[in-house]
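Engineer:
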Amino acid sequence: MSQQPTAKQAPKGQLRYLTGSPVDGTTGKSVLMFFGSLVIMALLYLVAGGMGAAMANLLGTFLCGGMLLLTAMIFFFTGQSGGTQAVNQGEIMQRRLDTGGTVTPEEQARCFHPLKGFIIALLGILPFLVVTVVFALITRRQMPTPGALPTWVSGLTSRPDLLAPLSIYTQPPALGAEDILRIFVRILLLPWSGLLGIREADGFLLMERLSPLLVLLPAVSYGVGYLTGVQTRARVHADIAEGKKKQQKKARREHRRKMAGRGPEQLN
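Written out as structure tokens, the structure reads:
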């Protein structure tokens, strides 16, 4: 049996639960689910975020801002649900100890821990974070590409003496690692570019260099949501207690009503 820690309590002393460890046997599954949610969100960004970023008007700004707000809310409430379940696990384990039962290390590890939500989120977003960090270090300001050759010049490309100077127009640049990473990172940042109204090269460069921070929105939302699991469970207990008080008041009113109805019969 593991060492029994002191039970945590809510401010009013109504919530008692065991604390767990930062990671447990379910962490891997939670990380994979978090990563899968990020992939789905990236696909949503590619469709709806691309539409919003392409709209250079107020509607596009609202659409991109709404997508970022939706992302934060989804991951916040997902984290809150995980934190609430972990606190509930801690309450069950604490009641077991209070009644003389035993708690295994695996059961205790699944209980609430303040860092657990952030660890799950950071591990889940780690592939995205690594890509954005690498890209932020190597990205450069994109230079404008040359346009198409005029019709009267394109006919001269058959001459060997003119072909070399015109190769910039006739040969597309090779696709390098920076270009491949830029495609992936730009998809992740589509709502941000639409929200901020970025259209010029300098703005994109700054956004790309800040991409490791911008992509952390889901992770921060999940971790903060997980922390609110304690308050959520405390509200559940408060609601239960309030419901019992209302039932007791209703039962007392019903009892007084019945007693008042029996009064005249007893006098006869």
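If you're matching positions, the sequence shown starts at 9 in the working numbering and goes up one per residue.
A virtual CB, placed ideally from N, CA and C, is assigned to each residue, including glycine.
1. Is the segment 180 to 196 touching the segment 120 to 133, taking contact as three or more C-beta pairs under 8 Å?
2. Counting C-beta neighbours from all protein chains within 10 Å, is the total for D247 16 or more, i.e. buried, or is it exposed?
3. Are the beta-carbon atoms belonging to Q97 and C119 less than 8 Å from one another?
4. CB Y230 to CB T86, shorter than 8 Å?
5. Between the Cα of P135 and those of G73, H121, L46 and Q93, spot the shortest distance and give me the residue it belongs to.
6. Do Y234 and G28 have their CB atoms nearer than 8 Å?
7. Expressed to the nearest angstrom, what Euclidean distance is found between the alpha-carbon atoms of R148 and R190?
8. Judging by CA-CA distance, which residue of E216, L77 and R243 is the nearest neighbour of V141?
9. Taking buried to mean at least 16 other C-beta atoms within 10 Å of its own C-beta, is L196 buried or exposed?
10. What is the rounded straight-line gap between the Cα of L145 and the Cα of V223?
11. Please determine, among L123, L52 and L23, the residue with the shortest C-alpha to C-alpha distance to D32.
12. Can you tell me whether E255 is buried or exposed, with buried defined as 16 or more other CB within 10 angstroms of its CB?
13. For V193 versus V139, is the C-beta distance shorter than 8 Å?
14. According to DSSP, simplified to helix, strand and coil, what is R24?
15. Assign I133 to one of two classes, buried (16 or more other C-beta atoms within 10 Å of its C-beta) or exposed (fewer than that).
16. Compare the C-alpha of F42 against each of L225, V95 and M267 and name the closest.
17. In chain order, what residues of the same chain have a beta carbon less than 7 Å from the beta carbon of L137, not counting five sequence neighbours either side?
18. Let me know if A259 comes out buried or exposed under the rule of 16 or more other beta-carbons within 10 Å of its beta-carbon.
19. Count the other CB atoms, across all protein chains shown, that sit within 10 Å of the CB of L198; report buried if there are 16 or more and exposed otherwise.
20. When the Cα atoms are used, what is the spatial distance from P113 to Q93?
Structural biologist: Straight from the coordinates:
1. no
2. Position 239 of the sequence shown, counting from 1, holds the residue named residue 247. Per the 10 Å Cβ criterion, exposed.
3. Numbered from its first residue, the sequence shown carries residue 97 at position 89. Numbered from its first residue, the sequence shown carries residue 119 at position 111. Yes, Cβ-Cβ distance for Q97 and C119 is below 8 Å.
4. As a first step, residue 230 must be located in the sequence shown, where it is residue number 222. As a first step, residue 86 must be located in the sequence shown, where it is residue number 78. The answer is yes: Cβ separation under 8 Å.
5. For the purposes of this step, residue 135 is taken as residue 127 along the sequence shown, with counting starting at 1. Answer by Cα proximity: L46.
6. Position 226 of the sequence shown, counting from 1, holds the residue named residue 234. Position 20 of the sequence shown, counting from 1, holds the residue named residue 28. No, Cβ-Cβ distance for Y234 and G28 is not below 8 Å.
7. Working through the sequence shown from its first residue, we reach residue 148 at position 140. Working through the sequence shown from its first residue, we reach residue 190 at position 182. Approximately 10 Å, taken between the alpha carbons.
8. As a first step, residue 141 is located in the sequence shown; it is residue number 133 there, counting from the start. For V141, the nearest C-alpha among the options comes from E216.
9. As a first step, residue 196 must be located in the sequence shown, where it is residue number 188. Under this definition L196 is a buried residue.
10. Your numbering for residue 145 matches position 137 in the sequence shown. Your numbering for residue 223 matches position 215 in the sequence shown. About 15 Å.
11. For the purposes of this step, residue 32 is taken as the residue at position 24 of the sequence shown. That would be L123, whose Cα lies nearest to the Cα of D32.
12. Translated into positions along the sequence shown, residue 255 becomes position 247. In the sequence as presented, Glu is not what sits at residue 255; that position holds Gln. Exposed, because fewer than 16 other Cβ atoms sit within 10 Å of the Cβ of Q255.
13. Your numbering for residue 193 matches position 185 in the sequence shown. Your numbering for residue 139 matches position 131 in the sequence shown. A contact, by the Cβ cut-off of 8 Å.
14. Position 16 of the sequence shown holds residue 24. In this structure, R24 counts as strand in the three-state DSSP scheme.
15. Here residue 133 corresponds to residue number 125 of the sequence shown, with the count starting at 1. That one is buried.
16. Counting from one through the sequence shown, the residue named residue 42 turns up at place 34. Closest by alpha carbon: L225.
17. Looking up residue 137 in the sequence shown gives position 129. Hits under 7 Å: P220 and V223.
18. Counted from its first residue, the sequence shown places residue 259 at position 251. Exposed, since its Cβ has fewer than 16 Cβ neighbours within 10 Å.
19. Translated into positions along the sequence shown, residue 198 becomes position 190. L198 comes out buried.
20. Against the sequence shown, residue 113 aligns to sequence position 105. Against the sequence shown, residue 93 aligns to sequence position 85. The alpha-carbon atoms of P113 and Q93 are separated by roughly 18 Å.
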